[in-house]
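To keep things clear, I will list the structure first and then write my remarks on it.
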Amino acid sequence: MSRLANKHIIIGVTGGIAAYKSPELVRRLVEEAALVQVVMSHHAQSFITPLTLQAVSGNPVRTELIDEGAEAAMSHIELARWADLIVVAPATANFMARLAGGFADDLLATLCLAARGPVALAPAMNEVMWSAAATRRNARQLEADERLLWGPGVGSQACGDEGAGRMLEPHALVEHCIAALTPKSLEGLCVVVTAGPTREAFDPVRYISNHSSGKQGFAMAAAAAAAGAHVELVTGPVSLPTPVGTHRTDLSSASEMYAAVMDKTANADIFIGVAAVSDYRPKHVQAQKIKKDRMEGEQLEIELVQNADIAACVASQHPGVYTVGFAAETQHLERHAREKRVRKGLDMIIANDVSDQSIGFNSDENAVTLVWDDGESRIASTPKSELGTILIERITELYRQSPKAR
Ligand SMILES: Cc1cc2nc3c(=O)[nH]c(=O)nc-3n(C[C@H](O)[C@H](O)[C@H](O)COP(=O)(O)O)c2cc1C
């Protein structure tokens with residue numbers, strides 16, 4: 099994965115219990131190809147050692163403001179300039195107060211003050227500390243100073259309390275970093291994304307479904323949100339965390355998805371249908387569980403009726419919406435995709451070969467072919483999260499060239 103390729107990020111670590119998660123954050127950023135330097139407060143070193151963070155970042159960790167050797171190699175002002183983004187995770191109540199007050203009494207606070215790029219804080223503290231009047235006041239001041247506050251989340255805390263104050267998980271902080279460093283090419287636009295499978299019940303306990311994991315749709319939604327869009331994510335049953343910055347609607351059947359999508363696309367600019375919507379649903383849903391009262395080998399017949407084609411309906415009923423569909427094919431990929439795009443009236447279709455086990459359904463990688471009215475391009479096997487970003491870039495480009503762009 100390389101969504102942060104060549105991005106320079108300083109991770110500041112202050113003295114909170116959530117410092118044990120900082121190495122995981124650094125590791126994930128490095129996996130995304132970011133160049134990471136870590137700066138720790140004095141108290142942070144009581145919670146985690148600089149050696150651990152040096153090992154995961156691949157760079158010496160800086161802890162001192164007054165340090166002749168380090169200063170000669172890269173001065174604190176150069177270090178502040180080096181950073182595209184500074185993220186303090188965890189940010190203690192004490193650090194929030196110092197930054198809100200404009201203090202420059204240690205290396206990390208000085209870097210934040212000297213930074214030209216964005217400075218983000220991931221607050222982490224006991225919920226009473228988080229709701230204390232002074233912390234509320236400092237949070238308001240930091241926002242007024244255009245510092246980014248990422249979190250905190252709500253949940254169980256290390257001290258045994260329950261409530262607001264948990265540091266966001268490392269994977270969510272990485273998504274925030276990507277969003278903070280992504281050009282806002284979709285600012286002001288509304289993008290509706292569908293994801294996952296649908297479930298078509300035929301009795302109260304059974305349904306027809308498919309193997310869609312939702313990973314590709316969630317990656318697209320995350321990338322669109324990172325590009326500044328208002329994202330409505332409409333998803334079938336999946337076990338994935340909600341991507342940062344998206345509005346999520348969970349539902350089950352194709353009919354429910356149809357209703358939600360038609361409602362949300364009424365005011366949308368772009369629709370991206372990634373969900374593997376069931377083509378058919380049982381004609382009758384039995385009120386009671388169907389009993390196993392046949393002989394072995396005896397048939398049970400379930401009549402199916404065809405569901406509405408959601409992407410085609412968006413294209414015909416909301417013709418101003420730039421409509422992108424996904425096509426899962428098992429043979430003649432390009433030809434079927436071209437025919438499908440025209441038949442459904444879509445602006446673009448993204449086709450993938452689901453007969454290849456190494457890509458597509460349930461896998462972390464995907465390889466696709468993009469087909470639009472006067473062009474076609476192929477993207478080789480790529481991690482789905484990265485592919486989400488690439489596809490959103492391509493969709494944005496083609497949307498901007500289309501008469502539907504505003
Ligand atoms: C065991 C322990 C855990 C702590 N956890 C937190 C915490 O999660 N959040 C916080 O704001 N302060 C926490 N503190 C208090 C900070 O360590 C203290 O305010 C310190 O001065 C922070 O220094 P720094 O902001 O320069 O790193 C904790 C203290 C101890 C002893």
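Here the numbering used here is used: the first residue of the sequence shown is 99, the next is one more, and so on. For every residue, glycine included, the Cβ atom is placed at its ideal position computed from N, Cα and C.
With which residues is residue i paired in a DSSP beta bridge?
i: Phe-369; result: Val-290, Thr-421
i: Arg-476; result: Thr-467
i: Ser-254; result: Glu-260
i: Glu-330; result: Val-290, His-345
i: Pro-481; result: Glu-463
i: Asp-301; result: Arg-304
i: Asp-451; result: Glu-427
i: Val-111; result: Met-138
i: Met-446; result: Val-422, Trp-470
i: Arg-379; result: Val-403
i: Ala-189; result: Pro-221
i: His-106; result: Leu-133
i: Leu-246; result: Ala-218
i: Pro-295; result: Ala-374
i: Leu-183; result: Ile-107
Within 6 angstroms: the Cβ of residue i and any heavy atom of ligand 1?
i: Ile-115; result: yes
i: Phe-193; result: yes
i: Thr-112; result: yes
i: Met-223; result: yes
i: Thr-467; result: no
i: Thr-84; result: The question about residue 84 has no answer here: the residues shown for the chain are numbered 99 through 504.
i: Ser-139; result: yes
i: Ala-142; result: yes
From the options, pick the residue whose C-alpha is nearest to that of residue i; which is it?
i: His-434; options: Val-419, Asn-450, Thr-421; result: Asn-450
i: Ser-483; options: Ala-324, Asn-405, Thr-467; result: Ala-324
i: Ala-400; options: Thr-421, Val-332, Asp-301; result: Note that residue 400 corresponds to Ile in the displayed sequence, not to Ala. Ranking the options by Cα distance to Ile-400, first place goes to Asp-301.
i: Met-288; options: Ile-146, Val-419, Ala-231; result: Note that residue 288 is Cys in the sequence shown here, rather than Met. Nearest C-alpha to Cys-288: Val-419.
i: Pro-380; options: Ile-306, Tyr-118, Lys-442; result: Ile-306
i: Ala-319; options: Thr-428, Ile-108, Glu-491, Lys-390; result: Glu-491
i: Asn-224; options: Arg-238, Val-272, Ala-191; result: Ala-191
i: Ile-109; options: Ser-100, Thr-161, Ser-461; result: Thr-161
i: Ser-254; options: Trp-248, Leu-246, Gly-263; result: Gly-263
i: Ile-115; options: Gln-135, Asn-104, Ile-146; result: Ile-146
i: Thr-208; options: Ile-184, Leu-266, Gly-315; result: Ile-184
i: Thr-292; options: His-174, Gly-167, Met-393, Val-412; result: Val-412
i: Tyr-497; options: Leu-444, Leu-485, Thr-480; result: Leu-444
i: Gln-384; options: Tyr-118, Gly-312, Arg-304; result: Arg-304
i: Leu-197; options: Lys-362, Ala-242, Gly-156, Leu-177; result: Ala-242
i: Gly-371; options: Gly-315, Gly-343, His-382, Val-403; result: Gly-315
i: Ser-351; options: Ile-408, Phe-369, Ile-388; result: Ile-408
i: Ile-175; options: Arg-214, Lys-502, Gly-156; result: Arg-214
i: Met-446; options: Leu-431, Trp-470, Thr-296; result: Trp-470
i: Thr-280; options: Met-355, Ile-388, Pro-216, Val-159; result: Pro-216
i: Ser-155; options: Ala-170, Asp-165, Val-136; result: Val-136
i: Leu-211; options: Ala-220, Arg-238, Ala-181; result: Ala-181
i: Ala-503; options: Glu-285, Met-265, Ala-256; result: Glu-285
i: Ile-388; options: Asp-361, Ala-299, Asp-203; result: Ala-299
i: Ser-139; options: Glu-129, Ala-131, Leu-151; result: Leu-151
i: Pro-505; options: Ala-195, Phe-201, Asp-203, Gly-199; result: Nothing about residue 505 can be read from this structure; the chain reaches only from 99 to 504.
i: Val-226; options: Leu-247, Gln-239, Gly-258, Ala-218; result: Gly-258
Which residue spans inside the segment 130-178 form an unbroken alpha helix (DSSP H) run of at least 4? 148-155, 166-171
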